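Structure first, then comments.
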Amino acid sequence: DLRTRAPLPLVLLVHGGPWSRDTFGFNPMHQWLANRGYAVLSVNFRGSTGFGKRFVNAADGEWGRRMDEDLEDAVAWALERGIAEPRRLAIFGASYGGFAVLSALTRYPSRYACGIDVVGPSNLETLLASIPAYWEA
4 DLRTRAPLPL
14 VLLVHGGPWS
24 RDTFGFNPMH
34 QWLANRGYAV
44 LSVNFRGSTG
54 FGKRFVNAAD
64 GEWGRRMDED
74 LEDAVAWALE
84 RGIAEPRRLA
94 IFGASYGGFA
104 VLSALTRYPS
114 RYACGIDVVG
124 PSNLETLLAS
134 IPAYWEA
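Position one of the sequence shown corresponds to residue 4 (the numbering used here), numbered consecutively onward.
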């Protein structure tokens, strides 16, 4: 049962992809944020690799939907256990993680104190229309 003596400001750090994953081991961003007093939460939400084809395919058509809910469930878990301060939550991500930031700030406008989007697409239609031929499978 993971708990803390006092809630901390929390950064939900969302990996890119989504066909990628967070792995166990040293992560310089986690360490940098923790060194500055933040709790850091990374989630292998549906669509993350390494958990089987069903888990990856569970993300089909779920950008901005159930994938976001996986992230929100994780934040609720941290709040429930007193790990995170409810008024000091941040969400941070690059690429798909940036999209998740924009989506979360739109869907849950009073949840986060701030959001950091690094090269995240803001419009899925224009993203799909601009995919170069060498990306197509």
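Note that beta-carbon positions come from the ideal geometry of N, C-alpha and C, so glycine has one too. Here the structure is a predicted model, which means the values were calculated and not measured.
Would you please state the rounded distance, in angstroms, between the beta carbons of residue i and residue j? I believe it to be under 8 Å.
i    : j    : result
L13  : A42  : 4 Å
W138 : F102 : W138 to F102, Cβ: 16 Å. No contact.
P21  : G50  : 4 Å
I94  : Y115 : 5 Å
G96  : G53  : Their Cβ separation, rounded to whole angstroms, is 18 Å, which puts G96 and G53 out of contact at 8 Å.
G100 : V46  : No, G100 and V46 are not in contact; Cβ-Cβ is about 10 Å, not under 8 Å.
A81  : L44  : 6 Å
With DSSP run on the structure shown, which of helix, strand or coil describes residue i?
i    : result
V17  : strand
F95  : strand
P12  : strand
V43  : strand
E88  : strand
D73  : helix
A61  : coil
F102 : helix
N38  : helix
W66  : coil
W22  : coil
Taking the alpha-carbon of residue i as reference, which of the options has the nearest alpha-carbon?
i    : options               : result
G40  : S106, I86, A107, L108 : I86
D76  : Y111, W35, N60, D25   : Y111
G19  : L108, C117, F58, V104 : V104
S113 : V121, L92, D120, S125 : L92
D120 : T129, A136, S98       : S98
Do residue j and residue i have their beta-carbon atoms positioned less than 8 Å apart in this structure?
i    : j    : result
P10  : E83  : no
L15  : L74  : yes
D71  : S23  : no
G118 : L108 : yes
Please determine whether the Cβ atom of residue i lies at a distance below 7 Å from any heavy atom of the ligand NAD.
i    : result
C117 : Among the components modelled here there is no ligand, and therefore nothing to report on the ligand NAD.
(request) Go through the stretch 108 to 135 residue by residue and report every complete run of the alpha helix (DSSP H) that reaches 4 residues or more, in order. (result) 127 to 132
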